[in-house]
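> Per our numbering, numbering through the first sequence is continuous, rising by one, with the last residue being 137.
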Amino acid sequence: MPYLLKSEPDKYSFDDLLRDKETVWDGIKNNQALITLRNMKKGEDCVIYHSNEGKAAVGLAKVVSVELAPPVPPSKMTTPIVKIKAVKRLKCEKTLDEIRNAGVFQGSIMFRQFRLSVVPLTQEQFDWLVHG
DNA sequence: GCCAACGTTGGC
DNA sequence: GCCAACGTTGGC
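(1) Given a threshold of 16 other Cβ atoms within 10 Å of its Cβ, counted over all protein chains shown, does Ser80 qualify as buried or as exposed?
(2) Would Lys46 and Val71 qualify as a contact pair, given that the criterion is a beta-carbon distance under 8 Å?
(3) Determine the direct distance from the alpha carbon of Ser113 to that of Phe131, and round the result to whole angstroms.
(4) First and last residue of the alpha helix (DSSP H) that includes Ile104?
(5) Return the residue from the list Ile86, Arg94, Trp133 that minimises the CA-CA distance to Val109.
(6) Can you tell me whether Pro75 is buried or exposed? The criterion is at least 16 other CB atoms within 10 Å of its CB, across all chains shown.
(7) Are Val29 and Ile104 closer than 8 Å when you measure CB to CB?
(8) Pull up the distance between the alpha-carbon of Glu144 and that of Glu58, whole angstroms please.
(9) Rounded to whole angstroms, what's the CA-CA distance from Asn35 to Asn106? Just pull it up for me.
(10) Pop quiz: Val63 and Lys88 are said to be a contact at Cβ under 8 Å. What is the actual Cβ separation, rounded to whole angstroms?
(11) From Met6, Asp15, Val92, Pro125, pick the residue whose C-alpha is nearest to that of Lys26; which is it?
(12) If you check the beta carbons only, do Tyr8 and Val124 fall under 8 Å apart?
(13) Give me, in chain order, the residues of the same chain whose beta-carbon lies closer than 6 Å to that of Ser56; leave out the 5 immediate sequence neighbours on both sides.
Next comes the structure, spelled out in structure tokens:
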């Protein structure tokens with residue numbers, strides 16, 4: 006399953022990821038987002054979205070590895086350590102407005118709970134972001 | 001277990 | 001920088 010990962014570009018942008026080649030996607034606190042991270046599998050596709058500044062889907066990445074570290078108390082759930090690598094910049098960036106107006110995103114979890122920083126995408130949504 | 005207060009996220 | 005929408009926390 007593909008995913009959309011949100012990032013504030015002034016903290017960590019897709020350019021930073023291109024420079025680093027790969028990175029550990031940490032700093033996620035929201036429980037729903039953590040559940041999604043735990044379910045990620047090596048080789049799955051991710052779209053990087055820039056929130057705040059930019060507000061557009063800008064790049065492609067791939068899951069390199071998912072490690073489930075022991076829980077950090079008081080949490081009883083394992084701590085997902087997801088490593089991703091940069092693939093390429095999107096040929097055609099998709100702005101928030103374009104995403105919101107796209108048919109494939111109607112009723113999507115992304116806009117029902119827009120604060121979620123890690124969102125599963127349908128294959129159709131992923132294809133639209135990359136090729137649409 | 002309820003609910004008010006507080007924190008976080010992200011659009012504007 | 002402000003605020004709306006939620007999620008989380010803590011007192012009761």
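All C-beta atoms in this analysis are idealised placements derived from N, C-alpha and C, irrespective of residue type, glycine included.
So, from the listed chains and residues:
(1) Ser80 should be labelled exposed.
(2) yes
(3) 12 Å
(4) Counting along the chain, the unbroken alpha helix (DSSP H) around Ile104 starts and ends at 101–106.
(5) Trp133
(6) With fewer than 16 other beta carbons inside 10 angstroms of its own, Pro75 counts as exposed.
(7) no
(8) Here the chain covers residues 6 to 137 and nothing more, so residue 144 does not appear.
(9) 26 Å
(10) About 20 Å; that fails the 8 Å criterion.
(11) Sorting Met6, Asp15, Val92, Pro125 by C-alpha distance to the C-alpha of Lys26 places Val92 at the top.
(12) Yes.
(13) Lys11, Glu13
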